[in-house]
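Colleague: Just so you know, the sequences run in chain order A and B.
First residue of the first sequence: 411, per the working numbering; consecutive thereafter.
First residue of the second sequence: 3, per the working numbering; consecutive thereafter.
By construction, the Cβ of each residue, glycine as well, lies at the ideal position given by its N, Cα and C atoms.
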Amino acid sequence: MRHKRKVGFLLLLLLLTLSGCWNKIEIEENAFVLAIGVDKGEQDLYRITMAMARPEKLAGKEGGGGGGGEEKPLVLSTIEAPSLTGALSMLNGYIGRNVTLQHAKALFVSEELARDGNLQFLDEVIRYRETRQTIFLVVTKQDASQFLEGMKPELGKNPMRYIEQLTYNYRRTAMLPAASQISDFVSQVNVNYSQPLSYYAALVEEEESESGGGKAADQSEASHTAGELPRQGGSNVEMIGGAAFKQQKMVGTLSGEEIRHYLLLHDAFHQAVATFKDPKEPESSVSVRLSRKRPSDLWVDVSGSRPRLSAAISLEGEILGVQSGVDYSEPEQQAALEASIEQQIEDSIRTLIKRTQEWESDIVGFGRHAVPQFPTVEAWETYDWPSKYPKAEVQVDVRFTLRRFGLTLSPLQLRQ
Amino acid sequence: MYQYEGHISRREGITLIFAVLSSMLFLQYPQFLVEVGGPAGWQVALVMTLGGMATLLPVIALIRRFPGRGLDQISKAAAGVVLGPLLTLLIATWLLASLVLSLRSFTETFIVTILPDTPPSPVMVMAVLCALYASYRGLEAISRATQILLPLIAGGSLLVLLFSLPRVDTSLLFPFWGHGLIPTVTGGLYYASMAAEAVVILAFGYAFRDPNDARSSGLVGTLLFGLGATAVAVVLVGVFGAPTASQNPFPLFNLARLIYLGRFLQRMESLIIMFWVFAALVRLAVLMHAATVTLGGALGLPHYRPLLFSLSVMIIPLALLPEDFLVTLRLDRDWLRPLGFAVLLIPALLWLLAVIRRKGGETDAA
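Structure follows, in structure tokens:
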């Protein structure tokens, strides 16, 4: 009996906990921010845009159903504030719900702000309990507020899922950096073995996209940066290439093709379709599906006054199309094509490294291969890798083997 | 005569020591290791482990010399009725200080990470009530509860480390020797006092039927903790890089927050919080029990239980004394850890006195 009373008393005590703790908040009292946009402010340091979910518009099947009318799935609000959390606090003054960053997936920063290097708000992203370091960092060609406002995914209604889906494409297309999460960005800025690289996106107006953003139409499919694709139709968002940083300051953009070579050097390349100049008829092209044969090998010789960077890349491929009609299944022709592709990739990689040296930004991460040669942190810091990298000599060796030739061996003789 | 209760086996002893020590890996301690060793924080952890095991040897020798006895009895026998209780009191005070700082550290981590609007006192009251209940039920209850909880705590932590592996960049573990061999070794030896909480085996010396079980408990428990600390240091530095990792007081929580395996596996920290609570409660319960039993013995009380309630009331205001979280961290790093060495020196002193005065062991038996 006494035992039962004790248990009863304990159960009564437990009732007290059912009311929840001090941090209790009902789900419908929250406004969930899915994306944050940060631009240069006019009246204050930043102009911050919060894209909040309208759950009833995001619910239901992608591409249909769920709510009615023309209401967008995101509610946008832009505010000038000295900081991210400051903006959050101000938003709570008029949104009418508790604005929370717990579900924020992407952080869009305008190119203008990134080039100024004024990214001190990243400290808040790292420190603040609600934000996650797995948030994607995307540099936008336009203002981030304009980007978020104008973004119209066509094959789904959740814009953030659309952006997330775009990032997954790097494995198939190799036109985006393998990762652009805040945690990677911050650790690279802090450690200095390599420099950060982030996603780069642009919004295109219909007229702009038809003209191909002013780039020549005969360029290869990957030589474009976001906002420059010669195209019509589809979503108005382009996410291709990357934004290179030196510490927290953006120093340049990389095209999709350059990102492919970056991934090759970074050993994060899986596969991609690439177009090369035909060695027999340079005005024609050969389409090849490239895939990694062996892990890329990078090494750095720091014994001389200038470091020597070496890269050995091993690829294999399958021919997808030959415009010239040359039969590359012939052994001599095959060897010539392989040598030509090797040369073209080597040249492109050298150009990429040279650009990064001009930016004084080791985005490829050669420093990661140099650091094991130093016994202590002090020795590494004395060597001062960031100042040595721009002067480094570069040696690139690409090995390419044609493994397959598609469903037919000989090309169509369209020219005869 | 002081009344000791309960017996524990070797396995339970290992579990208890490992649980008490490894709960520190949820707190700021891995950060301390990286702070000292930089990219070689894991080497500091290895030196710490060896140092910790070495400093436990006098404790083990003492238990073997006085099998089946508690700390207060051993002290009295080895150092006499005046010095003995005084030395026991010193150990009890250190255990209490460790309990107080652990309570504050765990409370702060809960507030910073998940309960920002909750005042610290309700968190502390709940934690102390649980520890009080466990300690009231006795050592056997604590060790058996630990046996149930430890697989969950260790498994959950291991899962976080495993899921963090794809993010590990091995180049961040270089330069290999960190800030150099000398800072690594001296730092490792300094933090050998992280194993000072293993002195609880001396407080629970009476509970081992076979003194060899106490030896295995201390050494194996500390070794497992050291290996765990090494693994956490490797993953922490490999993921965040030494500069960020050395400023990361919530290592496992922050690692869990980074787990992102597509859309399917994210937000693992909610899982780690559960293990965190278990680890905190086990540590608080063991420390509270050890401190109370030791203090009761030093004060010559017949039983530890009456002390439990007054101690429980006392430790909450004491835990609220440090002004802020950083003061708590500094108190731990700059005071509690160095004093941990002094605590580990006491068993060495007792052992020496016992040898000189021919107390304990076969001599005593004769």
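Report the CB separation of Leu167 (chain B) from Val130 (chain B) in whole angstroms; it is logged as a contact under 8 Å.
Modeller: In this structure Leu167 (chain B) does not touch Val130 (chain B) by the C-beta definition: roughly 37 Å separates them, more than the 8 Å allowed.
Colleague: For a contact meaning CB atoms closer than 7 Å, what does Gln543 (chain A) contact in chain B?
Modeller: Arg259, Leu260
Colleague: Name, please, each residue of chain B whose Cβ falls closer than 7 Å to the Cβ of Asn600 (chain A).
Modeller: Gly243, Pro245, Thr246
Colleague: Leaving out the 5 sequence neighbours to the left and right, which residues in its chain are closer than 7 Å to Trp827 (chain A) when beta-carbon positions are compared?
Modeller: With chain A covering 411 to 826 only, the question about residue 827 (chain A) has no answer from this structure.
Colleague: For the candidate residues A:Ser493, A:Glu521, A:Leu455, A:Lys801, whose alpha-carbon lies nearest to that of Tyr610 (chain A)?
Modeller: A:Glu521
Colleague: Measuring only the C-alpha atoms, how far is Val417 (chain A) from Ile144 (chain B)?
Modeller: 20 Å
Colleague: Once the 5 residues before and after Leu355 (chain B) are set aside, which same chain residues still bring their CB inside 7 Å of it?
Modeller: Ala80, Ala81
Colleague: Could you tell me which residues DSSP pairs with Met585 (chain A) in its beta bridges?
Modeller: DSSP output for Met585 (chain A) lists no bridge partner at all.
Colleague: Given this structure, state the Cα-to-Cα distance separating Arg539 (chain A) from Ala745 (chain A), to the nearest angstrom.
Modeller: 57 Å
Colleague: Please tell me whether, using a cut-off of 7 Å, the distance from the CB of Pro118 (chain B) to the nearest non-hydrogen atom of the ligand FMN is below it.
Modeller: With respect to small molecules bound, the structure shown includes none, and the ligand FMN cannot be examined in it.
Colleague: Note down, in chain order, every chain B residue with its Cβ under 8 Å from the Cβ of Trp376 (chain A).
Modeller: No statement about residue 376 (chain A) is possible, as the shown extent of chain A runs from 411 to 826 and does not include it.
Colleague: Between which residues of its own chain and Glu748 (chain A) is the CB-CB distance below 8 Å, once the five residues before and five after are set aside?
Modeller: Phe810, Thr811, Leu812
Colleague: Could you check the C-alpha separation between Leu486 (chain A) and Arg464 (chain A) for me, to the nearest Å?
Modeller: 10 Å
Colleague: Which residue comes first and which comes last in the alpha helix (DSSP H) that contains Met26 (chain B)?
Modeller: Per DSSP, Met26 (chain B) belongs to no alpha helix (DSSP H) and is neither H nor E.
Colleague: At a Cβ threshold of 8 Å, is Asn502 (chain A) touching chain D?
Modeller: Reference to chain D is not applicable here, since the protein chains of this structure are A and B.
Colleague: By Cβ distance, which residues of its chain are closer than 8 Å to Arg217 (chain B), with the 5 residues on each side in sequence left out?
Modeller: Ile62, Ile65, Arg66
Colleague: From Phe557 (chain A) to Ser159 (chain B), what distance separates their C-alpha atoms?
Modeller: 40 Å
Colleague: If distances are taken between C-alpha atoms only, which option among B:Pro41, B:Glu7, B:Glu14, B:Val49 comes closest to Gly228 (chain B)?
Modeller: B:Val49
Colleague: Below 9 Å between beta carbons is the criterion; list the residues of the stretch 108 to 124 of chain B that meet it against any residue of chain A, in chain order.
Modeller: So the list reads Val114, Thr115, Ile116, Leu117, Pro118, Asp119, Thr120, Pro121, Pro124, given in the order they occur along the chain.
Colleague: Tell me the rounded alpha-carbon separation between Ser597 (chain A) and Leu175 (chain B).
Modeller: Spanning the two alpha carbons is a distance of roughly 13 Å.
Colleague: Note down the Cα distance separating Pro785 (chain A) from Trp44 (chain B), rounded to an integer number of angstroms.
Modeller: Near 15 Å, if we compare the C-alpha coordinates of Trp44 (chain B) and Pro785 (chain A).
Colleague: Note the first and the last residue of the continuous beta strand (DSSP E) segment covering Asn440 (chain A).
Modeller: 440 to 450
Colleague: Quick check: is the beta carbon of Ser173 (chain B) nearer than 8 Å to any beta carbon in chain A?
Modeller: yes
Colleague: Give me, in chain order, the residues of the same chain whose beta-carbon lies closer than 8 Å to that of Gly527 (chain A); leave out the 5 immediate sequence neighbours on both sides.
Modeller: Around Gly527 (chain A): Gln657, Gln658, Lys659, Met660.
Colleague: On the three-pair Cβ rule with 8 Å, is the stretch 88 to 103 of chain B touching the stretch 297 to 311 of chain B?
Modeller: yes
Colleague: Give the straight-line distance between the Cα atoms of Val710 (chain A) and Gly777 (chain A), rounded to the nearest whole angstrom.
Modeller: 8 Å
Colleague: Could you round the C-beta distance between Arg760 (chain A) and Val806 (chain A) to whole angstroms and report it? I think they count as a contact, below 8 Å.
Modeller: About 6 Å separates the two Cβ atoms, so the contact holds.
Colleague: Report yes if the CB atom of His676 (chain A) is closer than 8 Å to the CB atom of Val774 (chain A), and no otherwise.
Modeller: Yes, they are a contact pair.
Colleague: Would you list the residues sitting across from Thr232 (chain B) in a DSSP beta bridge?
Modeller: Answer by DSSP bridge pairing: none, since Thr232 (chain B) is not bridged.
Colleague: Where are the alpha helix (DSSP H) runs, 4 residues long or more, that stay fully inside the stretch 481 to 532 of chain A, in chain order?
Modeller: 494 to 501, 521 to 526
Colleague: Going along the stretch 583 to 598 of chain A in order, which residues come within less than 7 Å of chain B, judged by CB to CB distance?
Modeller: Residues passing the 7 Å Cβ filter: Ser593, Val596, Ser597.
Colleague: Roughly how many angstroms lie between the CA atoms of Leu52 (chain B) and Arg332 (chain B), to the nearest whole one?
Modeller: 24 Å
Colleague: With 8 Å as the threshold, decide whether the Cβ of Glu788 (chain A) is near any Cβ in chain B.
Modeller: yes
Colleague: Would you give the residue range spanned by the beta strand (DSSP E) that Gly432 (chain A) belongs to?
Modeller: Residue 432 (chain A) is actually Trp in this sequence, not Gly. Note, Trp432 (chain A): premise wrong, no beta strand (DSSP E); not H, not E.
Colleague: What does the Cβ neighbour count give for Ile19 (chain B), buried or exposed, with the cut at 16 atoms within 10 Å?
Modeller: By the 10 Å Cβ count, Ile19 (chain B) comes out buried.
Colleague: Given that Asn433 (chain A) touches chain B, what residues does it touch there, using C-beta distances under 7 Å?
Modeller: Leu117, Pro118, Asp119, Thr120
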